């Protein structure tokens, strides 16, 4: 009987210790998320993933794709990912392309087998988001096909054929040549809040946020209607602004890198809109800014949608349509 009582007492003590131990662990304060922008920035720099790295040799043409895919050397072939809607892909696509989505592009890329990846969309703009995600995920030779499927065949050229325009010509919110660009002011960094201090983990999560959000764009008409609602960055050279003008109150932040710090001139509390000639470069910039924490948007179809008649180069036209064959 005495042994039984002793055993019961020991069991009670052990149970109490276990309960207290578990209770203590559950009651411990969990680490709070903190702004890890600098962790992400330093990691990107250490991996040669600054924006200027992403904007190196990032775009090709339909002519190049067709030439490579029809030559006699299969070893130089591309792995082509078409991220248009399934019904549009089925209606007509390149014979070598596989259909995917922006959200599923990293999974599809696993089948590339070491081949360079070409991302194809309707206009070449959404593809830029995909290429940023791919390049930041180790597919460093991924490229956009300029003009998208609009350049492949007249049957798929509708997106570009229907989106050139002169919305800014005569508009009071377009500053005529030589333009007038706002001075740059330093801001705080954006919020990239995580508990982890592992830059690679943060980057992976930020890429997933980019891809799950879809293409981030805004029309030139909307920006011209209320430019004060946005922080506008004209991603042009100075000479181009002097020739064509700019959106009212726009800044010019180019180059734009983490390494040399120009990102501090972007307002992290504003909707950051980047515009270029066609929406190709601005899509790349927008996607990258999204990854590092900005609320960023690409002005769709660029100045081709705003001052098309005035443009002397960098413009869409019938000569961009190659009439290459489509497969159904």
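Numbering (my numbering), first residue to last: 829 to 1156. All C-beta atoms, glycine included, are put in the ideal place defined by N, C-alpha and C. Since the model is a prediction, treat every value here as computed from it, not as a measurement.
In this structure, how does DSSP classify residue 1027 when only helix, strand and coil are distinguished? helix
Rounded to a whole number of angstroms, what is the C-alpha to C-alpha distance between residue 1040 and residue 933? 11 Å
Excluding sequence positions up to five away, which residues of its chain have a Cβ less than 7 Å from the Cβ of residue 1010? 1077, 1078, 1079
Express the C-alpha separation of residue 1126 and residue 1014 in angstroms, rounding to a whole number. 22 Å
Work out the CA separation of residue 1124 and residue 1117 for me, nearest whole Å. 6 Å
Ranges of the beta strand (DSSP E) found wholly within the stretch 885-923, counting only runs of at least 3: 907-910
Out of 1097, 906, 1150, 1005, which has the shortest C-alpha to C-alpha gap to residue 972? 906
Name the two residues that bound the continuous beta strand (DSSP E) containing residue 1043. No beta strand (DSSP E) holds residue 1043; DSSP gives it neither H nor E.
List the residues that DSSP assigns as beta-bridge partners of residue 1074. 1003
Close-in-space but distant-in-sequence residues of the same chain around residue 924 (CB under 6 Å, 5 per side omitted): 897, 908
If you count every other CB in all the chains shown that lies within 10 Å of the CB of residue 1042, and 16 or more means buried, which is it? exposed
Would you mind reading off the limits of the beta strand (DSSP E) that contains residue 971? 971-973
How should residue 1066 be labelled, buried or exposed, when 16 other C-beta atoms within 10 angstroms of its C-beta is the threshold for buried? exposed
Using the Cα positions of residue 1054 and residue 1086, report the straight-line distance between them to the nearest angstrom. 29 Å
What is the C-beta distance between residue 921 and residue 1129, in whole angstroms, given that I count them as a contact (C-beta under 8 Å)? So it is not a contact: roughly 22 Å between Cβ atoms.
Under 7 Å Cβ to Cβ from residue 887, same chain only, skipping five residues before and after it: list those, please. 971, 972, 974, 1108
Does the ligand PLP have even one heavy atom less than 8 Å from the beta-carbon of residue 1034? Absence of the ligand PLP is noted for the structure shown, with no ligands found whatsoever.
Rounded C-alpha distance that separates residue 849 from residue 1026: Bear in mind that a pLDDT of 46 at residue 849, under 50, signals an unreliable position, so the model cannot answer this.
Tell me, to the nearest whole angstrom, how far the beta carbon of residue 996 is from that of residue 1052; I am working on the premise that it is less than 8 Å. 6 Å
Can you tell me whether residue 1156 is helix, strand or coil according to DSSP? coil
Starting from residue 1114, follow the alpha helix (DSSP H) in both directions and report where the run begins and ends. 1108-1119
Thinking residue 864 and residue 1022 are a contact (beta carbons under 8 Å), I'd like their distance in whole angstroms, please. 5 Å
Are three or more beta carbon pairs between the stretch 912-921 and the stretch 873-881 nearer than 8 Å? no
Can you find the residues in the same chain that come closer than 6 Å, C-beta to C-beta, to residue 894, ignoring five residues on each side of it along the sequence? 1152
For residue 1016, is the classification buried or exposed, using 16 other Cβ atoms within 10 angstroms of its Cβ as the cut-off for buried? exposed
Excluding the 5 residues preceding and the 5 following residue 1019 in the sequence, name in chain order all residues of the same chain whose CB lies nearer than 8 Å to its CB. 863, 865, 1096, 1121
Where residue 989 sits in the DSSP three-state scheme: helix
What residues are listed by DSSP as bridge partners for residue 1102? 1061, 1126
Name the two residues that bound the continuous alpha helix (DSSP H) containing residue 933. 933-937
For residue 851, collect the residues of the same chain with a Cβ closer than 7 Å to its Cβ; drop the 5 residues on either side in sequence, then sort them by chain order. Caution is warranted here: a pLDDT of 45 is assigned to residue 851, below 50, making its placement in the model unreliable, and the coordinate value is therefore given only provisionally. For residue 851, where only same-chain residues beyond five positions count, there are no Cβ hits under 7 Å.
Residue 946 - partner residues in DSSP beta bridges: 908, 971
Taking the alpha carbon of residue 976 as the reference point, which residue from 953, 963, 993 has its own alpha carbon closest? 953
Beta-carbon within less than 7 Å of residue 1178's beta-carbon, same chain only, minus the 5 sequence neighbours each way: which residues are those? No answer is possible for residue 1178: it lies beyond the span of the chain, which begins at 829 and ends at 1156.
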